[in-house]
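The sequence shown begins at 4 in the numbering used here and counts up one residue at a time.
For each residue, glycine too, the CB sits at the ideal point set by N, CA and C.
Please read the structure below before turning to the comments.
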Amino acid sequence: MPVFHLLAGPNGAGKSTLYAALVRDGILSADLAFINADLFEREHLQHIIDPVQRSQAARDWADAQRAIKLAGGESFVSETVFSHESKLALIDEALAQGHVVALYILALDDPQRLLARVQRRVQEGGHFVPPDKILARYPRTLRNLSHAVSLATVAYLYEARDLEDGGPFMVAMCEGAKVTTFADHLPRWTQTVLGIEEVG
């Protein structure tokens with residue numbers, strides 16, 4: 004069966020870093036198409052002056068590419084902030100079209116840390132996201148992901164550690180109603196997404 008690998012998490016969590024780690028570790032094949040609106044915007048849409056229009060064009064491109072891959076029954080990778088509930092419908096659509104949905108969730112407890120990460124990314128040539136938008140999206144992202152884990156075939160939850168601290172670290176896995184943990188104490192955001200107090 005084709006597999007839809009979906010990387011999800013707030014702006015600045017490090018989804019592209021997680022993607023690179025998954026490829027490096029052989030979990031994802033580098034040969035799979037990687038639908039990444041941010042990369043497409045940076046590499047192909049710089050001729051659009053208005054940053055809002057440019058980002059919207061990148062999102063539209065990503066939506067279209069995902070639809071093509073799903074309709075064609077292809078395995079592929081994509082990433083999203085998951086702050087809009089339409090992404091839940093995307094998972095439903097993928098399942099209905101015969102895909103296995105593997106959800107890779109990356110987040111951290113303190114959304115303020117995301118602001119510095121995005122600022123650093125901008126200095127390295129990445130795209131800017133207003134701080135107020137990052138902070139507003141954070142609770143919506145966690146809320147939507149709390150629904151997504153029950154829809155996806157399997158969900159892997161990663162703590163977004165800084166690279167100097169070892170990079171993304173898998174703290175839990177959810178497959179149907181079965182939750183497996185890999186940390187002594189789960190981060191608060193993980194408990195929110197899984198809808199639990201704490202699992203030993």
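Query: Status (buried if at least 16 other CB within 10 Å, exposed otherwise) for A16; Result: buried
Query: One or two residues paired with A36 in a DSSP bridge; Result: F79
Query: S149 beta carbon less than 8 Å from that of G198; Result: yes
Query: Three or more C-beta pairs below 8 Å linking the region 60-79 and the region 28-38; Result: yes
Query: Inter-residue spacing [alpha-carbon to alpha-carbon] between F172 and L73; Result: 29 Å
Query: Sub-8 Å separation of L145 and A110 beta-carbons; Result: yes
Query: Inter-residue spacing [alpha-carbon to alpha-carbon] between C177 and E88; Result: 20 Å
Query: Proximity test, L106 beta-carbon vs the ligand SAH heavy atom, cut-off 7 Å; Result: The model on display carries no ligand, and the ligand SAH is accordingly not part of it.
Query: Check whether A40 and R62 have beta carbons under 8 Å apart; Result: yes
Query: Alpha-carbon spacing of R143 relative to S86, whole angstroms; Result: 5 Å
Query: CB of L93 within 8 Å of CB of N147, strictly; Result: no
Query: Cβ contact check for the region 5-22 and the region 100-108: 3 or more pairs under 8 Å; Result: yes
Query: First through last residue of the alpha helix (DSSP H) which encompasses T156; Result: Taken as a continuous stretch (DSSP letters only), T156 belongs to no alpha helix (DSSP H), as it is neither H nor E.
Query: Simplified DSSP state of H150, which is helix, strand or coil; Result: helix
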